[in-house]
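For the sequence shown, numbering that gives the first Met the number 0 gives the first residue as 0, with consecutive numbering after it. C-beta atoms are modelled at their ideal positions from N, C-alpha and C, and glycine is treated no differently. One structure is given here, and the rest of the page talks about it.
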Amino acid sequence: MKQSEIKELSIAELQEKLSETKKSYSDLKMAHAISPLENPIQLRSIRRTVARIATELTKRELQ
0 MKQSEIKELS
10 IAELQEKLSE
20 TKKSYSDLKM
30 AHAISPLENP
40 IQLRSIRRTV
50 ARIATELTKR
60 ELQ
């Protein structure tokens, strides 16, 4: 997810997206622990998406 897409979402949508993305990340991490993923770079991109969403939520709370 790009930063421009994240900025367009509402706070409720961001919180929902954050929980979905965190669940997706934990599922992928478990799958990778059991048997290596075909594309382990997915883990990095999802982790960074979680950070982008969390940063945007914090930014909005401070405003």
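Look at GLU37 here: in three-state DSSP terms it is coil, with no helix or strand label. Bounds of the alpha helix (DSSP H) holding LYS6 are 2-6. Scanning its chain for C-beta atoms nearer than 7 Å, with the 5 sequence neighbours on each side dropped, one finds around LEU8 the residues LYS16, in chain order.
One alpha carbon belongs to ILE40, the other to GLN62, and they sit about 34 Å apart.
Taking a contact to require three or more Cβ pairs closer than 8 Å, the stretch 39-56 and the stretch 22-30 qualify as touching. Between GLU55 and LYS1, the C-beta gap is not smaller than 8 Å, which leaves the two residues out of contact.
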